[in-house]
Structures are given as C-alpha cells and as structure tokens.
Amino acid sequence: MYKGAIVALLGLTIVLGGCGSSNSSNSNNINGNWTATLNTSNNSQAFAFTTTFTQMSGSSVSVTNLNFTTQTPCFVSDETESASFALSGNFNGSVTGAFQLMVKSGNPSGNTLNLQGTAKNNTITGTWTLTGINSGCSGSGNFTATKM
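Given below as structure tokens:
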C-alpha cells in the first residue's frame with residue numbers, strides 16, 4: 661500500500677508539473693533577437709541592424725542591443741530607441757500585431773528613424789521613414805525584420 665501511494669504521488673507530481681510549465685522561448689511572440697533590413701523605394705538596401713525586443717507591460721517593448729550593421733553617418737553612437745507592439749489574433753500559433761519602432765540619433769543628433777509595420781509570428785514587415793538634419797539622412801522605403 662505504501663509503495664503504491666508513493667508511485668501514485670510521483671506520477672501525479674510529474675503530470676501536474678507539466679501542466680504549469682511554460683515555454684519562454686515561444687517563437688510566436690515579439691521577445692528575442694531580431695535582424696532588420698531597410699530597403700529604399702528602388703529596392704536597394706539603405707540600412708540593416710540587429711536588436712533585441714522584450715515585450716513589457718501593455719504594448720510597451722524594451723529595445724536593447726541595437727546595432728547598425730551597415731555604415732551610416734546618421735547613427736554613429738548613443739541612439740535612443742522606443743517601440744510598441746499591440747497584440748491581436750489568438751494564442752493558437754497565430755500571433756499578429758501592429759509594430760512601431762523609433763530610433764533617435766545621439767551622435768550626430770537630429771536624425772529620427774521610424775518603422776511602422778505588422779508583426780506576424782517571426783517576421784515584421786512595413787514601411788520606414790528617416791528624417792534628419794544631416795546630409796544624406798532622409799529617406800523612406802520598406803523593411804523586413806526576422807527573428808533570429
């Protein structure tokens with residue numbers, strides 16, 4: 661009787677432990693490392709960067725480790741970033757939402773990059789605009805960001 665109770669308790673513990681587990685590496689959310697390519701209207705690459713997104717409370721997104729992988733005089737150092745992600749859809753593997761990212765240059769100052777698009781699973785697509793006071797720091801086009 662005693663051995664049977666221990667086996668039953670152990671089995672119940674294993675089953676219930678599986679019920680409460682979560683997968684923090686869910687590929688259908690915004691959290692994680694991303695790589696983005698920004699193309700001009702004639703489909704030539706204007707910028708590329710990598711970054712890490714983390715969904716905070718509400719639609720707020722923490723943006724860290726933003727690194728431009730293309731040479732640009734518009735964003736040399738000390739950029740500040742802000743982002744949002746408004747989730748829609750369902751939680752059955754079909755996560756979508758409106759995405760927005762703004763990057764302001766620190767050195768040189770006066771340049772602002774805005775991205776607006778739609779996130780669907782591991783891809784974000786949309787449009788970008790760059791307004792700035794520095795020569796060559798203006799433009800627009802389309803972008804694609806992919807979760808790494």
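So in the numbering used here, spot 96 of the sequence shown is number 756, and the numbers just go up one at a time. From the three backbone atoms N, C-alpha and C, an ideal C-beta is built for every residue, glycine too. Predicted model, so just to flag it, every value in this text is computed and none were measured.
For the set Ala-758, Val-723 and Asn-794, the Cα lying nearest the Cα of Phe-709 is the one of Val-723. In terms of Cα proximity to Pro-768, the closest of Asp-738, Thr-700 and Met-716 is Asp-738. The beta carbon of Thr-804 sits closer than 6 Å to those of Thr-697 and Thr-785, all from its chain and outside the five residues before and after it, given in chain order. For the pair Gly-766 and Ser-701, the CB atoms are not nearer than the 8 Å cut-off. Here DSSP, grouped into helix, strand and coil, assigns Asn-782 to coil. Between Phe-735 and Asn-771, the C-beta spacing is below 8 Å. Judged by DSSP secondary structure, Ser-720 falls within the beta strand (DSSP E) whose first and last residues are 720-728. For the pair Ala-758 and Thr-778, the CB atoms are nearer than the 8 Å cut-off. For the set Lys-764, Gln-715, Asn-781 and Gly-796, the Cα lying nearest the Cα of Met-808 is the one of Asn-781. Cβ-Cβ separation between Ser-744 and Val-763: approximately 13 Å, too far for a contact (criterion under 8 Å). The continuous beta strand (DSSP E) containing Phe-707 extends over residues 705-715. With contacts defined as CB atoms closer than 8 Å, Trp-694 and Phe-707 fail to qualify as a contacting pair. Under the 10 Å beta carbon count, Gly-792 is surrounded by 16 or more other beta carbons and is classified as buried.
By alpha-carbon distance to Leu-773, the top candidate from Gly-692, Gly-799 and Ser-717 is Gly-799. Residues of the same chain with a CB within less than 8 Å of the CB of Gln-705, apart from the 5 flanking positions on each side, are Thr-697, Leu-698, Asn-699 and Thr-730 in chain order.
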